[in-house]
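A.B. asks:
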Amino acid sequence: MLWHHCSIHRAEIILPMDRVIQKKKWSQKRILTIAGVVGLLVLIGGSFYFTSGKSKLNVDTERITISEVKQGIFQENIPVNGVVLPLNTIYLDALEGGRVEEKYVEDGAMMKKGEPILRLSNTDLQLSLVNQETQVYNLLTQMQIAKNNAQQNTITNLNQQTDIDNQLTEAERLYKLNQKLYAQKAIGSQEFKKSENDYNYQLAKKKLSNDIITQDKVSTRQNLSQAEQSYQGSQNALNVMRKKVGDLIVRAPVDGQLTSLDAEIGQSKNKGERLGQIDVMSGFKVRVDVDEHYISRIYNGLKGTFSFANKEYKLEIKKVYTQVTGGRFQVDMEFIGDIPQGIRRGQTLQIVLALSDERQALLLPKGGFYQQTGGNWIFKVKENGSTAYKIDIQLGNQNKDYYEVLNGLQAGDKVVTSSYENYGKMEELVLKK
Numbered sequence: 001m002l003w004h005h006c007s008i009h010r011a012e013i014i015l016p017m018d019r020v021i022q023k024k025k026w027s028q029k030r031i032l033t034i035a036g037v038v039g040l041l042v043l044i045g046g047s048f049y050f051t052s053g054k055s056k057l058n059v060d061t062e063r064i065t066i067s068e069v070k071q072g073i074f075q076e077n078i079p080v081n082g083v084v085l086p087l088n089t090i091y092l093d094a095l096e097g098g099r100v101e102e103k104y105v106e107d108g109a110m111m112k113k114g115e116p117i118l119r120l121s122n123t124d125l126q127l128s129l130v131n132q133e134t135q136v137y138n139l140l141t142q143m144q145i146a147k148n149n150a151q152q153n154t155i156t157n158l159n160q161q162t163d164i165d166n167q168l169t170e171a172e173r174l175y176k177l178n179q180k181l182y183a184q185k186a187i188g189s190q191e192f193k194k195s196e197n198d199y200n201y202q203l204a205k206k207k208l209s210n211d212i213i214t215q216d217k218v219s220t221r222q223n224l225s226q227a228e229q230s231y232q233g234s235q236n237a238l239n240v241m242r243k244k245v246g247d248l249i250v251r252a253p254v255d256g257q258l259t260s261l262d263a264e265i266g267q268s269k270n271k272g273e274r275l276g277q278i279d280v281m282s283g284f285k286v287r288v289d290v291d292e293h294y295i296s297r298i299y300n301g302l303k304g305t306f307s308f309a310n311k312e313y314k315l316e317i318k319k320v321y322t323q324v325t326g327g328r329f330q331v332d333m334e335f336i337g338d339i340p341q342g343i344r345r346g347q348t349l350q351i352v353l354a355l356s357d358e359r360q361a362l363l364l365p366k367g368g369f370y371q372q373t374g375g376n377w378i379f380k381v382k383e384n385g386s387t388a389y390k391i392d393i394q395l396g397n398q399n400k401d402y403y404e405v406l407n408g409l410q411a412g413d414k415v416v417t418s419s420y421e422n423y424g425k426m427e428e429l430v431l432k433k
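For the sequence shown, position 40 (counting from the first letter as 1) is numbered 40 according to this note's numbering, and the numbering increases by one without interruption.
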């Protein structure tokens, strides 16, 4: 300080012919120092501002979707896909195994009931048929022989009975005659007794003959009945065997279209193996895949709609298949009212399946925001449209167009419904036009 004071003192000495030099108050070094301090303060202040306040992001309104919340009619529904199938399908299975010898028609042919589709061959089955036919013919021959023998035996017994009747008549006449003569003492007791014994013998013989004939009739009837039953059983077995051989020719069980025919000449098919199917063309149904998440809410009677050729048609669930495969289960739906003209088997339909009745609700249009928020919050646009800020919401059921708003929004509110993928953890969006 003493040096500085002395320097100033010397500077104030004015010599003749000398110019006074003023000392600069703001040197370049001082300016740079001050600027550095100010910049540091600005940096610290800006950092404090951005870290302590709400995070903001400028967003071009042309690149986002702003939707309005409104009151309206809501019906919970889900989009599903269905495949058109014939109303009734009859499967063709090989009733008997064999080798494919001949195909009469090709896949897709229109069939009439009873028309042949293909022919199989089975040598074992055909040999069994021959053996069964031989057995039936043998039984028929044996039954005919037994019947002839029974008739011959009956004739013999009847002839014998005729002789016995004649002998009995003669013994009776002689006995009665001797009885009178013996009473008149015309003959002795020995002769009378002999005629009496002859008569009783013939009488007993007559009774025995009657018993034999009666028993013969019963026995013959039983034998013939048993032979008839045996023959009938063999005949039934023969008919079954003939049907088995006849089943080697696969025929159409009903009128319809032959589809999914799986048989080639020379190919061997096992008994019960699927050969194809006949689609009955009297109508159509739709087989629909549904996510297993909805299995507890799907039942017969639920309705759906779809568009075809710029016209809306209705369907109704008639059968639910509860088996889950790959996270999905299936239902069969049938048309209500008109069936679309030109619809074809195998065609895919996009169906809106209703899960509830219509009701009044607060509606929020669907959008990409749900993927990032899970429906728990949304950006709500201020009335002046300059910014959009984050608020918590609660959503209920949904359909293909709307979410049902339960809490957090009111009718007339405007919200950003496009994707929030690029917004990170922003709390506020500054909307720029």
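Don't be surprised by glycine CBs; every beta carbon is placed ideally from N, CA and C.
#1: Apart from the five residues on each side of it in sequence, which residues of its chain come closer than 7 Å, Cβ to Cβ, to Ser52?
#2: Here's a check: name, in chain order, each residue in its chain whose Cβ is nearer than 6 Å to the Cβ of Ile249, leaving out the five neighbours to either side.
#3: According to DSSP, is Val290 part of a helix, a strand, or is it coil?
#4: Mind checking whether Glu96 and Leu127 have CB atoms under 8 Å apart?
#5: Quick check: what's the CA-CA separation for Leu363 versus Lys432?
#6: How big is the Cα-Cα spacing for Val280 and Met111?
#7: What residues match up with Lys56 in a beta bridge as DSSP calls it?
#8: Quick check on the DSSP output: the alpha helix (DSSP H) that includes Tyr137 runs from which residue to which?
#9: Would you mind sorting Tyr402 into buried or exposed? The rule is 16 or more other CB atoms within 10 Å of its CB.
#10: Taking Gln267 and Val100 to be in contact with their CB atoms under 8 Å, please state how far apart those CB atoms are, rounded to whole angstroms.
#11: Is it the case that the region 146-161 contacts the region 200-218, given that we only count it when at least three CB pairs across the two stretches are under 8 Å?
#12: What three-state label does DSSP hand Thr119 in the structure shown?
#13: Please report how far the alpha carbon of Gly188 lies from the alpha carbon of Thr169, in whole angstroms.
#14: Does Phe75 come out as helix, strand or coil in the three-state DSSP assignment?
#15: With a cut-off of 8 Å on the beta carbons, I'd call Ser418 and Gly367 a contact; round off their distance for me.
#16: Mind checking which residues open and close the beta strand (DSSP E) that includes Ala109?
#17: Quick check on Leu238: does DSSP put it in helix, strand or coil?
#18: Run through DSSP, which three-state label would Leu92 get?
#19: Can you tell me where the alpha helix (DSSP H) holding Thr373 begins and where it ends?
#20: I need the boundaries of the beta strand (DSSP E) containing Ser356, first residue and last residue.
#21: Check for me: the beta strand (DSSP E) holding Thr325 runs from which residue to which?
#22: From what residue to what residue does the beta strand (DSSP E) around Asp332 run?
#23: Could you work out which residue in Val286, Gly424 and Val405 is closest to Val69 when comparing CA atoms only?
#24: Between Val136 and Gln235, which are expected to be in contact by the criterion C-beta below 8 Å, what is the C-beta distance as a whole number of angstroms?
#25: Ignore the nearest five residues each way along the sequence and tell me which others in Asn58's own chain have a CB closer than 7 Å to its CB.
#26: Tell whether a beta-carbon distance below 8 Å holds between Phe369 and Ile343.
#27: With distances taken between CB atoms, is the gap from Lys414 to Ile64 smaller than 8 Å?
C.D. replies: On the basis of the coordinates in this document:
#1: Residue confidence is low: Ser52 scores 43 on pLDDT, short of 50, so the model does not pin down where it sits. Its coordinate-derived value is still stated next. Nothing listed; no residue qualifies.
#2: Result list for Ile249: Pro116 and Arg119, in chain order.
#3: Here Val290 sits in strand by DSSP.
#4: The answer is no: Cβ separation not under 8 Å.
#5: Each residue's alpha carbon lies about 27 Å from the other.
#6: Using only the alpha carbons, I get a separation of about 10 Å.
#7: For Lys56, which the question treats as bridged, DSSP gives the partners Glu428.
#8: Per DSSP, the continuous alpha helix (DSSP H) segment holding Tyr137 begins and ends at Thr123 to Ala183.
#9: Buried: at least 16 other Cβ atoms inside 10 Å.
#10: Between Gln267 and Val100, the beta carbon gap of about 5 Å places them in contact (Cβ cut-off 8 Å).
#11: Three or more beta-carbon pairs separated by less than 8 Å link the region 200-218 to the region 146-161, which places the two stretches in contact.
#12: The amino acid occupying residue 119 in the given sequence is Arg; Thr does not appear at that position. Looking at Arg119 - three-state DSSP - the assignment turns out to be strand.
#13: Rounded to the nearest angstrom, the gap between the Cα atoms of Gly188 and Thr169 is 23 Å.
#14: The identity of residue 75 in the sequence shown is Gln, whereas the question assumes Phe. Judged by DSSP in its simplified three-state form, Gln75 adopts coil rather than helix or strand.
#15: Taking a contact as a CB-CB distance under 8 Å, the pair Ser418 and Gly367 counts as one, their CB atoms being some 6 Å apart.
#16: That residue, Ala109, is in no beta strand (DSSP E); it is neither H nor E in DSSP.
#17: In this structure, Leu238 counts as helix in the three-state DSSP scheme.
#18: Residue state, collapsed to three classes: strand.
#19: Start and end: Phe369 to Thr373.
#20: Per DSSP, Ser356 belongs to no beta strand (DSSP E) and is neither H nor E.
#21: Looking at the DSSP string, the run of the beta strand (DSSP E) that includes Thr325 is Lys311 to Thr325.
#22: Asp332 -> beta strand (DSSP E) spans Arg328 to Ile336.
#23: Selected option, being the one with the closest Cα: Val405.
#24: Their Cβ separation, rounded to whole angstroms, is 6 Å, which keeps Val136 and Gln235 in contact under 8 Å.
#25: Short of 7 Å from the beta carbon of Asn58, and not among the five residues preceding or following it, lie these beta carbons of its own chain, in chain order: Val430 and Lys432.
#26: Cβ distance not < 8 Å, so Phe369 and Ile343 don't count as in contact.
#27: Not closer than 8 Å, so no.
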